[in-house]
Amino acid sequence: MLELRQVHTHYGRIEALKGITLDVRKGEIVTIIGANGAGKTTLLMTICGNPRASAGRILFEGEDITRLPTYEIVRRGISQAPEGRRIFPRMTVLENLQMGAVPNGERYFAEDVEKVFSLFPRLEERMHQRGGTLSGGEQQMLCIGRALMARPKMLLLDEPSLGLAPMLVQQIFRSIVEINRTQGLTILLVEQNAYQALRIAHRGYVLATGSVVMEGEGRELLASPEIRAAYLEGGH
Amino acid sequence: MYYFLQQLINGLTLGAMYGLIAIGYSMVYGIIGMINFAHGEIYMIGAFISIISFLLLGVLGITWVPLALLLVLILAMIFTATYGWAVERLAYRPLRGSFRLAPLISAIGMSIFLQNYVQILQGANVKPLPPQVTGGYVLGTDGGFTVQISNIQIIIMLLTVVLMVIFSTIIAKTPLGRAQRACEQDLGMAALCGVNVDRTISLTFVMGAALAAVAGLMATLYYGVIDFFIGFLAGIKAFTAAVLGGIGSIPGAMLGGLLLGLVEAFWSGYFTTEYKDVAAFGILVIVLIFLPTGLLGKPEIEKV
Chain W
1 MLELRQVHTH YGRIEALKGI TLDVRKGEIV TIIGANGAGK TTLLMTICGN PRASAGRILF
61 EGEDITRLPT YEIVRRGISQ APEGRRIFPR MTVLENLQMG AVPNGERYFA EDVEKVFSLF
121 PRLEERMHQR GGTLSGGEQQ MLCIGRALMA RPKMLLLDEP SLGLAPMLVQ QIFRSIVEIN
181 RTQGLTILLV EQNAYQALRI AHRGYVLATG SVVMEGEGRE LLASPEIRAA YLEGGH
Chain Y
1001 MYYFLQQLIN GLTLGAMYGL IAIGYSMVYG IIGMINFAHG EIYMIGAFIS IISFLLLGVL
1061 GITWVPLALL LVLILAMIFT ATYGWAVERL AYRPLRGSFR LAPLISAIGM SIFLQNYVQI
1121 LQGANVKPLP PQVTGGYVLG TDGGFTVQIS NIQIIIMLLT VVLMVIFSTI IAKTPLGRAQ
1181 RACEQDLGMA ALCGVNVDRT ISLTFVMGAA LAAVAGLMAT LYYGVIDFFI GFLAGIKAFT
1241 AAVLGGIGSI PGAMLGGLLL GLVEAFWSGY FTTEYKDVAA FGILVIVLIF LPTGLLGKPE
1301 IEKV
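Taken in order, these protein sequences are the chains called W and Y. Start counting the first sequence at 1; every next residue gets the next number (the working numbering). Start counting the second sequence at 1001; every next residue gets the next number (the working numbering).
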């Protein structure tokens, strides 16, 4: 569904991605794990066209989206719940969800809002509150909910567990699996919490300083000694 | 007391015009964080388009004042908005993502260009427009002093109120307004939601320019004379108003405009006309020192 072929990304002179090749197939949960600064966030943002890949090709459903502007990529069916959640702080929860629905306008709004509320009932209680006043966990729910409002074919999740209490992390991961199973939504998940991510993922890629250093099935990577040593040490 | 009332009326009229221009500064600053120093020139162009439209309508024989006013209003808004759009497209968009000062320098260049462009095309002479709207109401007489409100003052205030209601509704309720607020809060995230950011920014310039055009039309009707240089002072005054109200805030821009208009009117009325600009810019200095976020501005602190 999504294919990256030798994708390079630069920030000025710094090369953040050094020729990434990866595939995500329809209906899969694929995770990208790696240390801080490995290029995980850059990879997700490059898929969305900001920053643009300086070399290589990104194909989505066979179409080359490497040069498309961000909003066109989003309208093709790729939604992102980005790093830091980036909730619009001075908009209400409902308005944040309306922003997520921009590609479809009002068409499915009522129906989709119900779906998001049944997935995250907390958001319904907070409907008219400003995004900036929500707790971290609620913001994360809103962030994922907002991405779902676009009716994406593929969801990019950047560190959904960051800064959340363990209970909430469990809940968020359960929701991710539920979205994948019930709606058949393809998910590309970036995580530092490698253990949790690999447990729910079909396949995974390990990123280190801008390159893919290992790939395989989730279970396989979870069992691998190198992964255990490098990313799961002091584990869970 | 009557004298006070008269200054109040004059101040609100002036303030309404400042406020309409100030909104353009504030909206643009809110969305892309730059001061559009060419905005005063957009107002000046609005005034010129108004005067030209009046002359053309006169030639066409449309002289019934309400109809002429409405047509001039529409023409001025459309053509001035086109200028606003073009300025953004030519002078600012190519510099997006460049260093912070670049669009500012470009804006100053655009401002100088537009002044000279109008001067060459229209000449440097002052352009008069015979009074289109005459008459008014006497509100009271006290000894030798009469308090008056002219019809043009009533029109200016009413039109400002109507436009404020329309614009506030657009910003608060429509998808375009929501997209504008989203861009103002997080440009990159708005794009990730599928907002066409470039188009939203263009439309912000268009809206700001349309309001400046209305102010230009008002000034033409109110003062009866314009020239190619009126945009400079009006632009800086409106910028002061935007800062006073809290730059980035639209109600703030209107409030700042009204306060500035009142200060100028009362200063002129009770002290001296000569130093009214000193009073206005004195406010800018005081606000920048003691209240950098303005009256309704929000501090740049977000909960993470």
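Idealized CB from N, CA, C, for every residue including glycine. Predicted, not measured: the structure shown is a model, and the values here were computed from it.
Excluding five sequence neighbours on each side, which residues of the same chain lie with their C-beta closer than 6 Å to the C-beta of Y/V1304?
For the purposes of this step, residue 1304 of chain Y is taken as the residue at position 304 of the second sequence. Note that Y/V1304 has pLDDT 40, beneath the 50 cutoff, so the model's placement of it is unreliable and the number below is only indicative. Closer than 6 Å at Cβ, skipping near neighbours: no residue.
So the candidates are W/P152, W/R85, W/G105; which of them puts its Cα closest to the Cα of W/L134?
Within the first sequence, the letter at position 134 stands for residue 134 of chain W. Comparing alpha carbon positions, the residue from W/P152, W/R85, W/G105 closest to W/L134 is W/R85.
Going along the chain, which residues of the region 71 to 93 of chain W sit with their C-beta nearer than 7 Å to a C-beta in chain Y?
Y71, V74, R75, Q80, P82, R86, F88, P89, R90, M91
Which class does W/S211 belong to by DSSP, given the choice of helix, strand or coil?
Taking the first sequence and counting its residues from 1, the one referred to as residue 211 of chain W is at position 211. Under the three-state reduction of DSSP, W/S211 is assigned to strand.
Measure the Cβ-Cβ separation of W/L22 and W/L4 and say whether it is below 8 Å.
By one-based count along the first sequence, residue 22 of chain W stands at place 22. By one-based count along the first sequence, residue 4 of chain W stands at place 4. It is a contact, given that the beta carbons lie within the stated cut-off.
Bridge partners of Y/K1127, per DSSP?
To locate residue 1127 of chain Y, count along the second sequence from 1; it is residue 127. Its beta-bridge partners are Y/I1226.
When the Cα atoms are used, what is the spatial distance from Y/C1010 to Y/L1262?
Counted from its first residue, the second sequence places residue 1010 of chain Y at position 10. Counted from its first residue, the second sequence places residue 1262 of chain Y at position 262. A small correction: the amino acid at residue 1010 of chain Y is Asn; Cys does not occupy that position in the sequence shown. Going by the C-alpha atoms only, they are around 8 Å apart.
Determine, for Y/D1277, whether the minimum Cβ-Cβ distance to residues of chain W falls below 8 Å.
The sequence position of residue 1277 of chain Y within the second sequence is 277, counting from 1. Not closer than 8 Å to any Cβ of chain W, the Cβ of Y/D1277 fails to qualify, so no.
Throw me the rounded Cβ distance for the W/S161 and W/Q196 pair, which I believe falls under 8 Å.
Looking up residue 161 of chain W in the first sequence gives position 161. Looking up residue 196 of chain W in the first sequence gives position 196. With a Cβ gap of about 6 Å, W/S161 and W/Q196 count as contacting.
Anyone know if the C-beta pair for Y/G1269 and Y/L1296 falls short of 8 Å?
What you label residue 1269 of chain Y is simply residue 269 of the second sequence in a count that begins at 1. What you label residue 1296 of chain Y is simply residue 296 of the second sequence in a count that begins at 1. Cβ distance not < 8 Å, so Y/G1269 and Y/L1296 don't count as in contact.
Chain Y partners of W/A150, CB-CB under 8 Å?
Position 150 of the first sequence, counting from 1, holds the residue named residue 150 of chain W. Below the 8 Å Cβ cutoff, chain Y contributes C1193, G1194 as neighbours of W/A150, in chain order.
Between Y/S1098, Y/I1032, Y/V1126, Y/A1219, which has its C-alpha nearest Y/M1157's C-alpha?
Along the second sequence, read from residue 1 onward, the residue named residue 1157 of chain Y stands at position 157. That would be Y/A1219, whose Cα lies nearest to the Cα of Y/M1157.
Under a CB-based cut-off of 8 Å, is Y/P1103 close to chain W?
On the second sequence, position 103 is the one that residue 1103 of chain Y refers to. Taking 8 Å as the threshold, the shortest C-beta distance from Y/P1103 to chain W does not fall below it.
On the three-state DSSP scale, how would you describe Y/K1303?
The residue you call residue 1303 of chain Y lines up with position 303 of the second sequence. Any reading at Y/K1303 must be qualified, since the residue scores a pLDDT of 43, below 50, and its modelled position is unreliable; the value itself is stated next. The answer is coil: DSSP assigns Y/K1303 none of H, G, I, E or B.
If I measure Cβ to Cβ from W/G49 and keep anything under 7 Å in the same chain, skipping five residues before and after, which residues do I get?
Translated into positions along the first sequence, residue 49 of chain W becomes position 49. Excluding sequence neighbours, W/G49 sits near L68, P69, T70, I73.
Please report the straight-line C-alpha distance between Y/P1094 and Y/Y1222, rounded to a whole angstrom.
Within the second sequence, the letter at position 94 stands for residue 1094 of chain Y. Within the second sequence, the letter at position 222 stands for residue 1222 of chain Y. Spanning the alpha carbons of Y/P1094 and Y/Y1222 requires a straight line of approximately 38 Å.
Classification of W/E106 by the beta-carbon crowding that lies within 10 angstroms, buried from 16 upward:
In the first sequence, counting from the first residue as 1, residue 106 of chain W sits at position 106. With fewer than 16 Cβ atoms within 10 Å of its Cβ, W/E106 is classed as exposed.
Between Y/L1295 and chain W, is there a C-beta pair that is closer than 8 Å?
Residue mapping note: residue 1295 of chain Y aligns to position 295 of the second sequence, counting from 1. Chain W, which has no Cβ nearer than 8 Å to the Cβ of Y/L1295, makes this no.
Skipping 5 residues on each side, what residues in its chain have a beta carbon closer than 6 Å to that of Y/V1138?
Numbered from its first residue, the second sequence carries residue 1138 of chain Y at position 138. Correct list, in chain order: T1146, Q1148.
Could you pull out every unbroken alpha helix (DSSP H) segment of at least 4 residues lying fully inside the region 1054 to 1116 of chain Y, listed in chain order?
1065 to 1087
Return the chain-ordered ranges of every beta strand (DSSP E) run that is complete within the region 147 to 194 of chain W and spans a minimum of 3 residues.
Complete beta strand (DSSP E) runs here, min 3: 154 to 158, 186 to 191.
Between W/K26, W/G163, W/E226, W/R52, which has its C-alpha nearest W/G12's C-alpha?
Residue mapping note: residue 12 of chain W aligns to position 12 of the first sequence, counting from 1. Among W/K26, W/G163, W/E226, W/R52, the Cα nearest to that of W/G12 is on W/R52.
Presumed contact (8 Å Cβ cut-off) between W/S100 and W/M149, rounded CB distance:
Residue 100 of chain W sits at position 100 when you count from the first residue of the first sequence. Residue 149 of chain W sits at position 149 when you count from the first residue of the first sequence. For the sequence presented, residue 100 of chain W should be read as Gly rather than Ser. Here W/G100 really is in contact with W/M149; their C-beta atoms are around 3 Å apart, less than 8 Å.
Compare the C-beta of W/V169 with all C-beta atoms of chain Y and state if any pair is closer than 8 Å.
Your numbering for residue 169 of chain W matches position 169 in the first sequence. So no, W/V169 is outside the interface.
Which same chain residues, not among the five before or five after Y/A1191, have their C-beta less than 6 Å away from its C-beta?
Position 191 of the second sequence holds residue 1191 of chain Y. Around Y/A1191: V1197.
Could you check which residue in Y/A1241, Y/M1017, Y/N1151 has the C-alpha nearest to that of Y/G1135?
Residue mapping note: residue 1135 of chain Y aligns to position 135 of the second sequence, counting from 1. In terms of Cα proximity to Y/G1135, the closest of Y/A1241, Y/M1017, Y/N1151 is Y/N1151.
Would you grab the beta carbon distance between Y/Y1025 and Y/I1247 for me? Rounded to a whole angstrom, and I think it's under 8 Å.
In the second sequence, residue 1025 of chain Y corresponds to position 25, counting from 1. In the second sequence, residue 1247 of chain Y corresponds to position 247, counting from 1. That pair is a contact at about 7 Å.
Apply the 10 Å Cβ neighbour rule to Y/G1033 and answer buried if 16 or more other Cβ atoms are within range, or exposed otherwise.
Residue mapping note: residue 1033 of chain Y aligns to position 33 of the second sequence, counting from 1. With fewer than 16 other Cβ atoms within 10 Å, it is exposed.
Quick check: is the beta carbon of W/G235 nearer than 8 Å to any beta carbon in chain Y?
Here residue 235 of chain W refers to the residue found at position 235 of the first sequence. With a pLDDT of only 46 at W/G235, under the threshold of 50, the placement of this residue in the model should not be trusted; the figure read from the coordinates follows. False, the Cβ-Cβ gap to chain Y never drops below 8 Å.
With distances taken from CA atoms, which of Y/F1228, Y/I1031, Y/L1258 is nearest Y/K1127?
Residue numbering aside, residue 1127 of chain Y sits at position 127 when the second sequence is read from its first letter. Comparing Cα positions, the closest option is Y/F1228.
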